[in-house]
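*Asks:* One structure, as structure tokens, below. Some questions next.
In the working numbering, the protein residues as written are 63 to 323.
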């Protein structure tokens, strides 16, 4: 029997990390990182301020799923993102290289291209970055670092531009208005997307949007389906009768998206 793939999930106590730790299949040998002590034996305590320390933690891992980041996108202040999303991210990539990690899965965000949404334009993985704030710009930095580490060092890098995800929540619980009908990522689709990102063959670098099979989606997931083998099964439209009466608009900053009314 072949050895199980060793997978390390950073930021494993965050909303996405928790789900992955709970739901990734037992065919993977999964370890999680947390900044605070954790009684779960699958966790290790790890900060991202020292490359050598991170490399020691990454030693022997086949895949790193990097979820560690500051995720608040409602500020234009650069300082909060500097350590976790800029310096800490470089440290994670470099540590993965030093440790011989084969594949690095980077949790980017739809905010890396969020300005398309503001002006009412659809986009796909081939669209140029167009961040809607400092958070999104920091995510673009991470995508570019991934391209560099792939080209320069031969690391396999998969970038996932995550849509709207909250731990174990259905669309009516988000409180964000009808936009969620386009951007929702369900628990089981999240896990399938990451699982496929771990095992999909022959990928050196790729960018993929992470949403469910939403009827009103304005991000294209065609390449995630064809290249990763992603098979989303949930559709936010099932909750439209609960979401639409609450009002609101589709896009994040209060702009209507053409054709989405």
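Every residue gets a Cβ at the ideal spot worked out from N, C-alpha and C, and that includes glycine.
So, helix, strand or coil for residue 329, using DSSP?
*Replies:* The structure shown has nothing for residue 329, since the chain only spans 63 to 323.
*Asks:* Roughly how many whole angstroms lie between the Cα atoms of residue 231 and residue 65?
*Replies:* Roughly 34 Å separates the two Cα atoms.
*Asks:* When the Cα atoms are used, what is the spatial distance from residue 88 to residue 69?
*Replies:* Cα-Cα distance, rounded: 11 Å.
*Asks:* In this structure, does DSSP put residue 128 in helix, strand or coil?
*Replies:* DSSP places residue 128 in strand when its eight states are reduced to three.
*Asks:* So if DSSP puts residue 188 in a beta bridge, which residue, or which two residues, is it bridged to?
*Replies:* Residue 188 pairs with nothing; no bridge assigned.
*Asks:* One question on the structure: do residue 6 and residue 125 come within less than 8 Å of each other, judged by their Cβ atoms?
*Replies:* The structure shown does not extend to residue 6, since the chain is modelled only from 63 through 323, so no value can be given for it.
*Asks:* At which residue ranges does the region 224 to 291 contain complete alpha helix (DSSP H) runs of 4 or more residues, listed in the order of the chain?
*Replies:* Correct list: 242 to 245, 249 to 261.
*Asks:* Check whether the Cβ atoms of residue 302 and residue 243 sit closer than 8 Å, and answer yes or no.
*Replies:* Their beta carbons are under 8 Å apart, which means residue 302 touches residue 243 by this criterion.
*Asks:* Use the C-beta contact count for residue 94: other C-beta atoms within 10 angstroms, 16 or more gives buried, fewer gives exposed.
*Replies:* Buried.
*Asks:* Between which two residues does the alpha helix (DSSP H) carrying residue 214 extend?
*Replies:* Element bounds for residue 214: 196 to 215.
*Asks:* What would DSSP say about residue 165, mapped onto helix, strand or coil?
*Replies:* DSSP places residue 165 in strand when its eight states are reduced to three.
*Asks:* Is the beta carbon of residue 272 less than 8 Å from the beta carbon of residue 290?
*Replies:* Contact flag unset, no.
*Asks:* Could you pull out every residue in the same chain whose Cβ sits closer than 7 Å to the Cβ of residue 309, ignoring the five residues on either side in sequence?
*Replies:* Once the five neighbours on either side are set aside, the close Cβ partners of residue 309 are 239.
*Asks:* At which residues does the alpha helix (DSSP H) containing residue 105 begin and terminate?
*Replies:* Segment 105 to 107 is the beta strand (DSSP E) holding residue 105; no alpha helix (DSSP H) there.
*Asks:* Going by DSSP, which residues form a beta bridge with residue 73?
*Replies:* Beta-bridge pairing links residue 73 to no other residue.
*Asks:* In whole angstroms, what is the alpha-carbon distance linking residue 270 and residue 100?
*Replies:* Taking the straight line joining both Cα atoms gives about 32 Å.
*Asks:* Please state the DSSP three-state secondary structure of residue 94.
*Replies:* Correct three-state label for residue 94: strand.
*Asks:* Can you tell me whether DSSP reads residue 304 as helix, strand or coil?
*Replies:* DSSP places residue 304 in helix when its eight states are reduced to three.
*Asks:* Is it true that the region 135 to 144 meets the region 71 to 83, where meeting means three or more beta-carbon pairs spaced less than 8 Å apart?
*Replies:* Touching, no, given that fewer than three Cβ pairs across the two stretches are closer than 8 Å.
*Asks:* Using only alpha-carbon positions, find the residue among 128, 113, 118 that is nearest to residue 223.
*Replies:* For residue 223, the nearest C-alpha among the options comes from 128.
*Asks:* Is it buried or exposed, residue 102, if we count other Cβ atoms within 10 angstroms and call 16 or more buried?
*Replies:* Per the 10 Å Cβ criterion, exposed.
*Asks:* Cα separation between residue 199 and residue 299?
*Replies:* Roughly 30 Å between the two C-alpha positions.
*Asks:* Whose CA, out of 110, 156, 176, 257, lies closest to the CA of residue 145?
*Replies:* Of 110, 156, 176, 257, the residue nearest in Cα terms is 110.
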